[in-house]
Structures are given as structure tokens and as C-alpha cells.
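From first to last, the protein sequence lines stand for chains A and B.
Residue 12 is where the first sequence starts when you use the working numbering, and the numbers rise one by one after that.
Residue 8 is where the second sequence starts when you use the working numbering, and the numbers rise one by one after that.
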Amino acid sequence: MNLTLKVWRQKGANVKGALETYQVKANEHMSFLEMLDVLNEDLISQGKEPVAFAHDCREGICGTCNLVIDGRPHGPQQGTTVCQLHMRAFKDGQTIVVEPWRAAAFPIIKDLVVDRSSFDAIIQAGGFISVNTGQAQDGNAIPIEKDTASLAFDAATCIGCGACVAACPNGSAMLFTSAKVSHLALMPQGKVEHEKRVQKMVAQMDLEGFGNCSNTGACEVECPKEISISNIARLNRSYVGSVLSSD
Amino acid sequence: MINLDAKVPEGPLEDKWTNYRSKMNLVAPNNKRRLEVIVVGTGLAGAAAAATMGELGYNVKCFTFHDSPRRAHSIAAQGGINAAKNYQNDGDSVYRLFYDTIKGGDYRSREANVHRLAEVSRNIIDQAVAQGVPFAREYGGLLANRSFGGVQVSRTFYARGQTGQQLLIGAYQSLSRQISLGNVQMYNRHEMLDLVKIDGKARGIIARNLLTGKLERFAAHCVVLATGGYGNVFYLSTNAMNSNVTAAWRAVKKGALMANPCYTQIHPTCIPQSGEYQSKLTLMSESLRNDGRVWVPKKKEDAVAIQEGKKKGVDIAEGDRDYYLERRYPAFGNLVPRDVASRAAKVECDKGHGIVSTGKGVFLDFASAIQRYGKSAAHTQGINNPSATKIVELGEAVIKEKYGNLFQMYEKISGENPYKNPMKIYPAVHYTMGGVWVDYNLETNVPGLFALGEANFSDHGANRLGASALMQGLADGYFVIPYTVGPFLSGEIRTEKISTDAPEFAAAEKNTQDQIDKLMNVKGKQSVESFHRRLGKIMWEYCGMARNEEGLKKARKMIRELRAEFWSDVFVPGSKDEFNPELEKAGRVADFLEMGEVMILDALDREESCGGHFREEHKSEEGEAKRNDADYTYVAAWEWDENEPKVHKEHLVFENVELKTRSYK
Ligand SMILES: Cc1cc2nc3c(=O)[nH]c(=O)nc-3n(C[C@H](O)[C@H](O)[C@H](O)COP(=O)(O)OP(=O)(O)OC[C@H]3O[C@@H](n4cnc5c(N)ncnc54)[C@H](O)[C@@H]3O)c2cc1C
Ligand code: SF4
Ligand code: FES
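Structure, rendered in C-alpha cells:
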């Protein structure tokens with residue numbers, strides 16, 4: 012298949028960027044990133060600089076890849092990271108626009124690569140259970156009801172990619188933050204620190220420059236792991252509760 | 008000859024670790040605060056080590072080339088983690104896990120290390136649960152288990168098909184907590200490019216800040232490498248794209264030794280390659296062999312028809328299928344260890360019974376399991392005389408619950424529905440048992456340099472059992488290294504803070520800078536990627552699933568030529584003073600081009616077949632691997648030399664296990 016790509020090129024953080032147009036020959040068995048590999052090989056063979064894009068596992072689990080394709084984070088396929096998106100989803104002759112995540116809290120580093128360290132900062136603020144190595148009791152001493160464990164698991168599958176932020180008109184990190192809060196709050200081990208955790212993580216989120224959540228639901232639609240927006244409701248309930256009780 | 012002292016403690020096997028911990032030199036809390044530790048890597052091994060040493064009070068600096076610690080390759084592990092909990096009451100024990108691991112590794116690992124691993128395996132599960140890792144549960148709320156290859160008990164803990172992700176997030180959260188407490192200083196997007204030695208001891212690293220391109224110096228009292236495996240030397244593997252050998256290799260160039268480099272694990276169940284452009288291969292977890300049956304058509308003409316797309320797997324009648332693992336290995340069936348399963352697939356495909364267009368593929372079929380589960384579900388739900396469709400529907404639901412995300416991943420990549428058609432799979436490079444040589448303390452032959460996780464060679468011998476890498480990474484990081492740095496660091500409590508102004512740092516920085524300049528200045532015509540691809544082809548062809556003397560000798564020559572060509576014709580675009588992924592890749596491929604040669608030399612040296620290392624000259628009449636215990640019961644530890652790498656040997660002593668021919672029949 013022959014494709015026209017319009018790709019965001021930007022030398023560095025403080026330089027202006029623009030879309031550049033390229034022609035690529037691909038086939039439908041390739042993944043989207045393999046198609047970009049082909050483009051890059053071609054650019055390199057012409058002595059030009061390849062397009063910088065982030066990726067690693069190419070299996071939809073590490074959360075590194077992050078492209079906005081025709082306006083949609085991770086592209087057109089529901090519940091799919093861009094590394095798992097295959098060219099079968101596109102048509103011969105199609106023009107495809109490829110851009111980076113755009114959000115105040117994710118500054119661009121180069122071309123399609125952005126800085127998501129703000130996510131790490133949110134976890135560092137309280138996205139953990141305070142237990143030192145060696146302090147644990149026997150694993151089976153904490154029985155957890157199967158469906159509850161499964162619900163916690165669903166929230167824990169967040170890959171920290173940031174598509175929710177890129178999709179949100181306000182650049183809010185509520186889906187990401189609430190997924191971590193839910194994962195830990197749903198399990199007995201995580202309940203002890205729950206209220207403090209929520210307060211600290213939300214405060215950090217604001218500090219990092221993420222916007223406010225106005226419940227547009229755009230995050231849930233684009234999340235490749237289909238993290239449910241009900242996690243945000245759970246966070247909101249706890250947040251209000253924890254602020255009231257700590258005052 | 009370097010004297011490789013494994014420093015295995017005295018005493019009976021089952022008491023060694025306990026005695027060691029009771030008698031080792033400790034570092035007092037006030038001294039811990041003055042001691043600095045560098046941990047390179049934030050996978051399971053590195054994140055666990057950095058977090059735990061931070062908790063203990065050491066000053067930790069932790070490095071990753073990734074943009075966040077959470078992205079380490081460990082995140083991709085699917086199937087599970089072993090532990091000798093015996094929650095299933097099926098006869099498991101520390102000894103059995105130890106024995107299975109020694110046998111699975113084809114008697115080429117060190118008894119004392121493996122026993123310790125089996126002992127601490129139980130603590131890992133407890134720790135992970137306490138961190139909030141959402142393991143699979145039974146209805147009663149207790150932890151669930153499944154089976155993996157090469158064993159006859161159910162000791163694998165799992166979190167759907169994302170066990171690595173959940174365990175890594177647990178370790179990452181612990182690490183994040185230590186970062187927030189100021190005990191660990193985290194350096195993301197920093198790639199270690201050299202080890203700094205002062206007076207023979209490891210005292211720091213040179214790292215490139217990947218955003219600015221600047222080389223930076225970091226000093227500490229000791230250095231811990233947890234930098235993962237080198238499977239990507241084959242170009243195509245199940246490893247993440249950026250996994251590489253550079254940190255370990257640069258340490259080898261500073262005097263560490265690379266042990267058993269030829270032991271690579273070829274995983275039997277991966278999605279077959281579909282084209283030349285392919286960038287990586289995708290694993291289908293071993294857990295699938297709990298329920299999937301592996302087969303090829305009995306008749307060659309059926310295989311050809313499938314290869315040509317004229318027939319499908321479902322068109323082949325039951326009687327015309329050869330469930331070759333069940334046929335050849337009745338005792339373990341589809342759950343034979345990986346090396347055995349992979350070679351068996353190759354044998355069938357080489358005979359012409361393979362099933363994809365390239366002829367390199369076999370079926371992994373869930374139809375029987377769907378039937379079995381469907382009937383049982385109908386029974387529990389009180390449905391009498393369920394229809395065939397109902398059985399399939401119920402059975403598919405059970406399979407979905409167990410392996411849903413793997414089936415989804417398969418469908419996304421292949422475009423085929425694996426509930427309805429058997430999966431097509433083929434072996435692919437997956438894991439490297441070889442790695443930096445370490446003693447019982449996980450310390451290399453360079454004092455103060457330690458290696459953990461997949462980066463070391465220590466526990467899996469010539470073949471790793473499924474679900475044991477996660478166990479080893481976390482054992483090393485949480486429960487071993489925090490103790491075993493003691494003997495070294497307790498001797499350093501009077502050592503002043505190490506200064507990065509030392510001439511050794513300047514020299515190492517210059518050495519690194521020179522190499523980067525050299526790469527940038529070749530200004531040739533060929534891309535880094537194209538060299539990597541060519542290297543991978545040589546390695547796969549001659550040093551993959553089957554090896555022989557002639558091929559290996561030829562491959563060595565080819566690699567040396569390729570290396571020369573690389574240094575005279577590689578093209579690295581961009582500049583060195585910026586974010587430049589091509590430059591990063593160039594340095595890594597340069598190291599792979601040397602590592603590959605050592606792997607080949609090791610495969611040549613080892614005139615026997617064992618585990619993942621199969622020399623065609625050494626096999627039984629039935630085609631099984633034939634070890635040579637009299638001459639090769641040693642660890643081969645290689646010292647790098649541009650012209651003639653040298654091998655040093657650690658003889659393995661088996662005091663508790665009798666060396667037997669591995670049989671899974
Ligand atoms: C697809 C797949 C599935 C698997 N499934 C299972 C399973 O179910 N069960 C099981 O037991 N095992 C499994 N394995 C194996 C297991 O995942 C790995 O062996 C294990 O996770 C390795 O962990 P590690 O901590 O040693 O290294 P890694 O997780 O590879 O981490 C390496 C770290 O080192 C850093 N690093 C490397 N070099 C440098 C450098 N030069 N400078 C700075 N940082 C550096 C990286 O950034 C990273 O943080 C699987 C492997 C694959 C590929
Ligand atoms: S919530 Fe979804 S979109 Fe947001 S970071 Fe997690 S996985 Fe990505
Ligand atoms: S590259 Fe890992 S999720 Fe896409």
C-alpha cells in the first residue's frame with residue numbers, strides 16, 4: 012500500500028515544529044511502528060535524520076509508544092496501543108497525520124517524543140503501599156474476594172502511557188491517577204493509607220500542571236487499556252471525604 | 008587463568024544461606040548512611056535492589072535508559088512467577104523447586120545459588136502481596152496457581168497474562184517511595200557507557216544523559232548491574248526493542264567475565280515471523296501449554312496444503328494430526344521444558360510438516376480444552392444435555408478468563424481468531440541464561456561490582472524453566488543483594504566519599520567520548536539497523552537452535568568481517584550533543600558485534616549438547632541432547648580480547664544432586 016504521511020517534526024523543546032510530508036510504501040501485515048521504521052530507513056539512506064518516536068516493548072504493555080494518529084491518541088482502533096495497531100486498519104492511498112501527545116504537563120523533547128516524568132512524580136507523591144522488604148506476612152493471610160481482586164486488577168493494568176491526558180481537552184491526569192488510587196484502595200493492604208494517598212496524589216497532579224477534570228469522558232474512549240471512568244468517581248468520592256475529614 | 012572462587016559457604020546445602028546470614032559482616036546503620044551504591048537498571052532486579060537498599064539506609068543512585076523506571080523490559084513478562092509455597096498441597100517443597108531448577112538447567116548451574124533461590128522464593132510472593140500486586144485468586148480469596156513446563160506441581164503465581172507488569176509496578180512503587188523519601192536518587196534517560204575502577208574496585212560509572220548527549224560521572228562505593236539480557240544480539244527476539252548488552256559488555260571490557268554466553272533460550276511458542284520488515288517477535292506465554300496441544304499434520308501433503316493457504320488447521324481430521332510432544336514425551340506431554348519443545352518443533356518443520364507459508368510453524372490448539380472446560384462449566388451450572396454450541400460458548404468463556412489478553416494480542420498481530428482456529432506458533436529467541444560471572448555474593452571478579460537478574464549467569468544453567476526469571480530477578484533484588492553487599496561494604500566503612508575528580512573517571516570519560524566520536528565520524532552509507540539485522544541472521548542461522556563446528560567457525564569469520572564493515576561504513580545521523588536514538592543504537596550494536604563472537608566461541612568450546620545449547624555432533628540416537636559431564640561440568644567465563652578472547656573455568660561441584668540424563672519421557 013502507498014501512504015502519505017504528515018509527521019510532526021520538531022528539533023527540540025524550544026524550537027518551533029511543523030508537519031512534514033512523506034511518502035511510504037507499506038503492507039497490511041506491518042505494525043504502524045514498523046511502517047515508521049520503513050520511513051526511517053528510507054530517510055537514513057538519503058542521509059537525513061529519521062523521525063524520533065518513542066517505543067520499546069511493541070506489545071502494548073510498556074506504555075512507551077505515544078502517537079496521535081489523525082487526531083486520536085493511539086490511533087483509530089479501540090483498546091489498542093499504537094505499537095499493536097496494524098496497517099490493516101488503513102487503506103491504500105490514505106493520508107495519515109502523525110503527531111505527539113500534546114499537553115502542558117508533557118513537554119515535547121524531539122519530534123514525536125515527549126517528557127512524561129510528571130506521571131512518575133504523581134506516583135512518588137503517594138502511589139504506593141508503605142511496606143519495607145521483609146515486613147510482609149504470609150501471602151494467603153490476606154484473602155481477597157475474587158471479584159474485588161479482579162476489579163483492582165482492571166485498574167492496575169494502566170500502562171502509564173498518557174493517552175488519557177492527550178485526549179482530554181483540559182490535559183487532566185485524572186484517569187491515570189484514579190486508576191492507581193483504585194488499584195490500591197480496592198485491596199485491604201492499600202486501605203490503610205488511602206486517604207492520605209488520595210490527597211497527596213491529587214495535590215501533586217495540580218503541581219505538575221495537569222488540568223482539572225470536567226468529566227468529558229474523552230480519556231476513557233482513548234485509553235488503550237480501557238480503564239473505566241468509574242475510577243474517577245471513586246477517586247472523587249474519596250477526595251471529598253478525605254479533605255473533609257482532615258480539616 | 009583467573010581463579011574463579013564461587014565463595015560458596017560451608018555446611019549442608021539447606022543450611023548454607025541461614026548460616027551465611029547469621030555470620031556475615033553487617034554494616035551498622037550510621038555507616039550505611041555514609042555509603043553510596045549505584046544500581047544500574049530498574050527492571051525487577053534493579054528496582055527491587057534499589058528500593059530495598061534505600062530502605063536499609065544506603066545512599067542509592069539508580070539509573071535507567073528508559074524515560075521511567077516502570078518501562079523496564081520486565082514489564083512484558085506474561086505467564087507467572089514460581090514459588091515453593093505448596094499452597095496446592097501437591098508435594099511441592101524448597102527442595103523440589105531446587106531440584107527442578109537444577110535438572111531443568113541440565114546440571115549446569117551452581118547448587119548453592121539455586122537452593123537459596125528456592126528458599127527465598129516464598130518471601131517474594133508475600134512481599135508482592137503486601138505491595139498490592141493483584142495476583143489471581145480462587146473463589147475463597149486465596150492465591151491461585153498454575154503449572155509451567157518441566158515440573159509436575161502447580162507452583163506458578165500469576166496476574167492474568169500480565170504478571171511481569173504487576174510485579175514490576177509493585178517494585179516501581181516501592182522504588183518511588185524511596186525516591187520520595189530521598190533515599191534513592193533516580194536518573195532516568197541515562198545510559199551507562201563505562202565502568203570506573205579505582206585500585207581494582209568498581210567505584211562508579213560514566214553515563215550519557217540521553218536528552219543532552221552530555222557524558223556525566225557518578226561515583227559510589229560499589230556498583231550493581233541489573234541491566235537485563237542480551238537476546239537482541241539475534242535482532243529478532245521477544246525482548247523489548249531497546250534491551251541490550253552494553254552495560255554488561257562495557258563491564259566485561261573493564262575486566263568482568265562473560266559466563267556461558269552461548270546458553271540462549273529459544274522459546275517454543277511465539278508468533279511466527281511474517282515478513283522481512285519485522286522488528287520483533289511476540290511471545291505467546293508458556294502458560295498456554297497448560298491447555299493448548301501442540302501438533303502438525305501427519306501427512307506432508309496436508310502440511311503443504313496449509314502452507315499454500317488451501318487448507319486450514321480445522322480441516323485436518325483428528326486422526327491425521329500428530330501431537331508430537333504427547334507422542335514423544337508421554338510423562339510431560341505438552342509441558343516439556345522449553346529447549347525440548349523448541350527442538351521438537353524444529354524437527355517437525357525440518358521434516359516438512361510445518362504449517363505457515365515459510366514452513367516454519369506448528370499449531371497450538373485449544374479445541375480440546377474448550378470442550379473440557381465447556382462440559383465442566385455446564386455441569387456446575389446445572390445445564391443437562393448442553394448443546395454443542397453451548398459447550399463451546401462456555402468453554403471459550405473459561406479460556407478467555409484465563410488467557411484473554413494473550414488471545415487478544417494474538418488476534419491483533421495475526422488477524423486470526425484463535426478461539427476458532429488453532430494458533431500458529433514457532434520458536435524464537437527469548438532469554439539468555441548466560442551473563443556476567445558472579446560468585447555466591449552475586450559479586451563479579453571485579454571487587455565491588457555486582458550483577459543481578461538476567462544480567463548474571465547464576466541460576467538457570469543451560470536452560471531456564473518458565474516463570475523462574477521473575478523469581479530470580481526479585482530474589483536477587485529484594486532478598487539476596489541487600490545481604491550479600493555486606494561482606495564488601497563492611498570493608499569500606501572507612502573509605503571516604505569517592506570523588507569523580509579522580510583521574511580514573513577522566514580516563515573513562517575520555518574513552519567513552521572517543522568511542523562516540525569514532526561512531527559519529529565513520530560517516531558511511533549503511534544504517535545501524537541494517538548491520539543489526541545482518542548480525543541477527545548470522546547468529547540465528549549458526550548459533551541458534553542447532554549448532555555445529557563448521558557453521559560456528561564460518562559464523563565467527565562472518566561476524567569479524569561484519570564488525571570491520573560496521574566500523575568503516577556505518578552511518579549515524581544527527582549529532583552527539585542531542586537526543587539521538589540512532590547514536591544510542593549504534594553503540595549497542597557495536598557491542599553486540601563483539602558479544603556475538605564470544606557466544607560463538609563459547610558454543611564452539613562446549614563440545615556437548617546441554618539445555619539450550621544443542622551441538623548437532625552430540626546427540627543420542629533418538630535425537631536428544633547428549634551431555635558430556637566428564638569434560639564439561641564447568642562454567643565457561645570469557646575474558647574479552649579483540650583478537651582472541653580467553654576462557655576461564657569454574658568447575659561445578661554437585662554434592663546433593665546426582666547427574667542424570669534429563670528425561671521427560
Ligand atoms: C515477552 C516476555 C515474557 C516473559 N515472561 C516471563 C514470565 O512469565 N515469567 C518469568 O519468570 N520470566 C519471563 N520473562 C523473562 C523475564 O521477564 C526477564 O528475564 C526479566 O524480567 C529480566 O529482569 P531484569 O530486572 O533482569 O532486567 P530488565 O527488566 O530487562 O531491566 C533492565 C533494566 O536495565 C536498564 N539498563 C540496561 N542497560 C542500561 C544501561 N547501559 N544504562 C542504564 N540502564 C540500563 C534498563 O533501562 C532496564 O531498566 C519474559 C520475557 C519476555 C521477553
Ligand atoms: S489510564 Fe489509560 S490512557 Fe491513561 S495512562 Fe493509563 S493506560 Fe494510558
Ligand atoms: S511500545 Fe510498549 S506499549 Fe507500545
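Don't be surprised by glycine CBs; every beta carbon is placed ideally from N, CA and C.
It should be emphasised that the depicted structure is a prediction, and the values quoted were computed from it without experimental measurement.
In the three-state reduction of the DSSP assignment, Ile-313 of chain B falls in the helix class. Spatial neighbours of Asn-38 of chain B in its own chain (CB-CB distance under 7 angstroms, excluding positions within 5 residues in sequence) are listed in chain order as Ile-500. Residues of chain A whose Cβ lies closer than 9 angstroms to the Cβ of Glu-536 of chain B are, in chain order, Asp-48, Asn-51, Glu-52, Ile-55. Comparing C-alpha distances from Thr-49 of chain B to each of B:Ile-313, B:Met-552, B:Gly-177 shows the shortest one belongs to B:Gly-177. Every beta strand (DSSP E) stretch that sits fully inside the segment 137–219 of chain B and reaches 3 residues is listed by chain position as 191–194, 197–205, 208–216.
Going by DSSP, Thr-25 of chain B is part of the alpha helix (DSSP H) stretching over 23–30. Remark: C-beta atoms of Ser-154 of chain B and His-467 of chain B do not approach each other more closely than 8 angstroms.
8 angstroms or more divides the Cβ of Arg-210 of chain B from the Cβ of Ala-233 of chain B. Against chain B, the CB of Phe-130 of chain A has a partner CB under 8 angstroms away; the residue lies at that interface. Residues Ile-377, Gly-381 of the same chain have their beta carbon placed closer than 7 angstroms to that of Val-399 of chain B, with the five preceding and five following residues left out of the count.
Collapsing the DSSP output to three states places Ala-352 of chain B in a helix. Sixteen is the threshold: when 16 or more other Cβ atoms of the shown chains lie within 10 Å of the Cβ of Asp-372 of chain B, as they do, the residue is buried. Taking the Cβ of Leu-401 of chain B as the reference point, every heavy atom of ligand 2 lies at 7 angstroms or farther away.
Taking non-hydrogen atoms of ligand 3 into account, the C-beta of Thr-365 of chain B is found less than 7 angstroms away from none of them. A distance criterion of 7 angstroms places the beta-carbon of Leu-449 of chain B beyond contact range of ligand 1, judged by its closest non-hydrogen atom.
For Arg-40 of chain B, no alpha helix (DSSP H) encloses it, and the DSSP letter there is neither H nor E.
For Tyr-114 of chain B, no Cβ of chain A is located within less than 8 angstroms of the residue's own Cβ. The three-state secondary structure of Lys-157 of chain A, taken from DSSP, is helix. In this model, Thr-502 of chain B and Arg-41 of chain B are separated by some 9 angstroms (Cα to Cα). Look at Phe-187 of chain A: its beta carbon is less than 7 angstroms from one of the heavy atoms in ligand 2.
Flagged as an interface residue toward chain B: His-194 of chain A, by a C-beta distance shorter than 8 angstroms. Met-41 of chain A belongs to the set of residues whose beta carbon lies under 8 angstroms from a beta carbon in chain B. With fewer than 16 other Cβ atoms from the protein chains shown falling within 10 Å of its own Cβ, Gly-228 of chain A counts as exposed. Our two residues, Ala-255 of chain B and Val-443 of chain B, have alpha carbons roughly 7 angstroms apart in a direct line. Against chain A, the beta carbon of Pro-434 of chain B has no neighbour under 7 angstroms; the closest one sits roughly 18 angstroms away.
Burial state of His-85 of chain A is buried, judged by a 10 Å Cβ sphere holding 16 or more other Cβ atoms. DSSP places Val-18 of chain A in the strand class (E or B) of the three-state scheme. Under the three-state reduction of DSSP, Arg-224 of chain B is assigned to strand. Taking a cut-off of 8 angstroms on C-beta distances, the segment 615–623 of chain B touches the segment 256–272 of chain B, as three or more cross pairs fall below it. Contact between the segment 626–643 of chain B and the segment 471–484 of chain B is absent, with fewer than three C-beta pairs closer than 8 angstroms.
At a Cβ-Cβ threshold of 8 angstroms, Gln-85 of chain B and Thr-170 of chain B count as neighbours.
The Cβ neighbour count for Gly-150 of chain A, taken over all protein chains shown within 10 Å, is at least 16; the residue is labelled buried.
Met-216 of chain A: not part of any beta strand (DSSP E); member of the alpha helix (DSSP H) spanning 205–218, first to last residue. For the 8 angstroms CB-CB criterion, Met-41 of chain A and Met-98 of chain A form a contact. Within chain B, Gln-180, Ser-181, Ser-183, Arg-184 have C-beta atoms less than 7 angstroms from the C-beta of Phe-139 of chain A, given in sequence order. In this structure Val-127 of chain B does not touch Phe-464 of chain B by the C-beta definition: roughly 19 angstroms separates them, more than the 8 angstroms allowed.
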